[in-house]
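Residue numbers (the working numbering), protein chains in the order written: chain C, 5 to 122; chain L, 457 to 571.
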């Protein structure tokens, strides 16, 4: 099946620093990738939709200047949390669509990145 | 406003018995529904899906039932196995191929299958 990787798996940073999270589709080309965050015992909340070669589409309430998304190639999307604060501490998960998949709405998820901002 | 609701935060079942996980939705525009399984500190794994033109889809031990009039779907796992213990998320999307494939997730149900 399709494999999506994320790096790093966990990161601890100081308040005010920026953190970059990478999401890669390993065995397929993903024209669309998605970024989610999940708080404990909560749902996965979609932050933004990342389309290769174009600007990301952000969900309502998500600050585009704070969460910078770049989808420079068909296999890589990055999320940069700029000037991170403790309230940004969360579990960030990316997903990717395989356009050749038999299920058009199926997304393949990465293992997630645990961000802790001190 | 929670458009996809999983009202049971947890469910405990004996091994070999049936597990029934429920999901309700409010947006009548949803036309594709998916179930994902998630272990702690991992990303969700796709389990099974169903289109709104169907009322049942089966894959091995997993069956999803859709009741459009009630805006309700359920996932049946039979027989349940200890390895099925995980959080199960219900998700829904609008428009399929014509949409941006955005998924709306419920809060999840923690299933524990006891040996």
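Glycine included, C-beta positions come from ideal geometry on N, C-alpha and C.
1) At a Cβ cut of 8 Å, what residues of the segment 481-505 of chain L count as close to chain C, listed as they run along the chain?
2) Can you pull the chain C residues whose beta carbon is under 8 Å from the beta carbon of residue 562 of chain L, in chain order?
3) Give a yes or no on whether the C-beta atoms belonging to residue 520 of chain L and residue 509 of chain L are separated by under 8 Å.
4) Does the beta carbon of residue 33 of chain C sit closer than 8 Å to a beta carbon anywhere in chain L?
5) Nearest-angstrom Cα distance between residue 502 of chain L and residue 94 of chain C?
6) Does chain C have any CB closer than 8 Å to the CB of residue 527 of chain L?
7) Please classify residue 31 of chain C: does DSSP put it in a helix, a strand, or coil?
8) What residues of chain C sit near residue 545 of chain L, judged by a beta carbon separation below 8 Å?
9) For residue 461 of chain L versus residue 487 of chain L, is the C-beta spacing smaller than 8 Å?
10) Rounded C-beta distance between residue 102 of chain C and residue 113 of chain C? I'm assuming under 8 Å.
11) Return the CA-CA distance between residue 475 of chain L and residue 511 of chain L, expressed in angstroms with no decimal places.
12) Examine chain L for any beta-carbon lying closer than 8 Å to the beta-carbon of residue 71 of chain C, and answer yes or no.
13) Residues in the segment 92-122 of chain C with C-beta within 9 Å of chain L's C-beta atoms, listed in sequence order?
14) Going by DSSP in three states, residue 540 of chain L sits in which element: helix, strand or coil?
15) Cβ atoms of residue 62 of chain C and residue 68 of chain C: under 8 Å apart, would you say?
16) Taking Cβ positions, are residue 472 of chain L and residue 116 of chain C nearer each other than 8 Å?
17) Taking buried to mean at least 16 other C-beta atoms within 10 Å of its own C-beta, is residue 92 of chain C buried or exposed?
18) Grouping DSSP H, G and I as helix and E and B as strand, with all else coil, what is residue 92 of chain C?
19) Can you check DSSP and say which residues form a bridge with residue 515 of chain L?
20) Thinking C-alpha only, which one of C:46, C:14, C:20, C:100 is nearest residue 561 of chain L?
21) Could you please give the first and the last residue of the uninterrupted beta strand (DSSP E) stretch that includes residue 476 of chain L?
With the structure as the only source:
1) 488, 490, 492, 497, 498, 499, 500, 501, 502, 505
2) By one-based count along the second chain, residue 562 of chain L stands at place 106. Per Cβ cutoff of 8 Å: 47.
3) Within the second chain, the letter at position 64 stands for residue 520 of chain L. Within the second chain, the letter at position 53 stands for residue 509 of chain L. Cβ atoms of residue 520 of chain L and residue 509 of chain L: not closer than 8 Å.
4) As a working note, residue 33 of chain C is residue 29 in the first chain. It does not; no Cβ of chain L falls within 8 Å.
5) As a first step, residue 502 of chain L must be located in the second chain, where it is residue number 46. As a first step, residue 94 of chain C must be located in the first chain, where it is residue number 90. Put simply, the backbone Cα of residue 502 of chain L is about 22 Å away from that of residue 94 of chain C.
6) In the second chain, residue 527 of chain L corresponds to position 71, counting from 1. Cβ-Cβ to chain C under 8 Å: no for residue 527 of chain L.
7) Locating residue 31 of chain C in the first chain gives position 27, counting from the first residue. Three-state result, residue 31 of chain C: coil.
8) Looking up residue 545 of chain L in the second chain gives position 89. In chain order: 47, 48.
9) Taking the first residue of the second chain as 1, we reach residue 461 of chain L at position 5. Taking the first residue of the second chain as 1, we reach residue 487 of chain L at position 31. No, the pair does not count as a contact, with Cβ atoms beyond the cut-off.
10) Reading the first chain from its first residue, position 98 is the one you call residue 102 of chain C. Reading the first chain from its first residue, position 109 is the one you call residue 113 of chain C. In fact, because the Cβ distance is near 12 Å, the residues do not count as touching under 8 Å.
11) Indexing the second chain from 1 puts residue 475 of chain L at position 19. Indexing the second chain from 1 puts residue 511 of chain L at position 55. Distance between the alpha carbons of residue 475 of chain L and residue 511 of chain L is about 19 Å.
12) In the first chain, residue 71 of chain C corresponds to position 67, counting from 1. Judged by the 8 Å Cβ criterion, residue 71 of chain C is not in contact with chain L.
13) Of all residues in the segment 92-122 of chain C, 95, 97, 98, 99, 101, 107, 108, 109, 110, 111, 112, 113, 114, 115, 116, 118 have a Cβ within less than 9 Å of some Cβ in chain L.
14) Start at 1 with the first residue of the second chain, and residue 540 of chain L comes out as number 84. Three-state result, residue 540 of chain L: helix.
15) In the first chain, counting from the first residue as 1, residue 68 of chain C sits at position 64. In the first chain, counting from the first residue as 1, residue 62 of chain C sits at position 58. For residue 68 of chain C and residue 62 of chain C, yes; Cβs fall inside 8 Å.
16) The residue you call residue 472 of chain L lines up with position 16 of the second chain. The residue you call residue 116 of chain C lines up with position 112 of the first chain. No, Cβ-Cβ distance for residue 472 of chain L and residue 116 of chain C is not below 8 Å.
17) Here residue 92 of chain C refers to the residue found at position 88 of the first chain. When all chains shown are included, residue 92 of chain C counts as buried.
18) Position 88 of the first chain holds residue 92 of chain C. In this structure, residue 92 of chain C counts as helix in the three-state DSSP scheme.
19) In the second chain, counting from the first residue as 1, residue 515 of chain L sits at position 59. Per DSSP, L:518.
20) The sequence position of residue 561 of chain L within the second chain is 105, counting from 1. Nearest C-alpha to residue 561 of chain L: C:46.
21) In the second chain, counting from the first residue as 1, residue 476 of chain L sits at position 20. Note, residue 476 of chain L: beta strand (DSSP E), 475-481.
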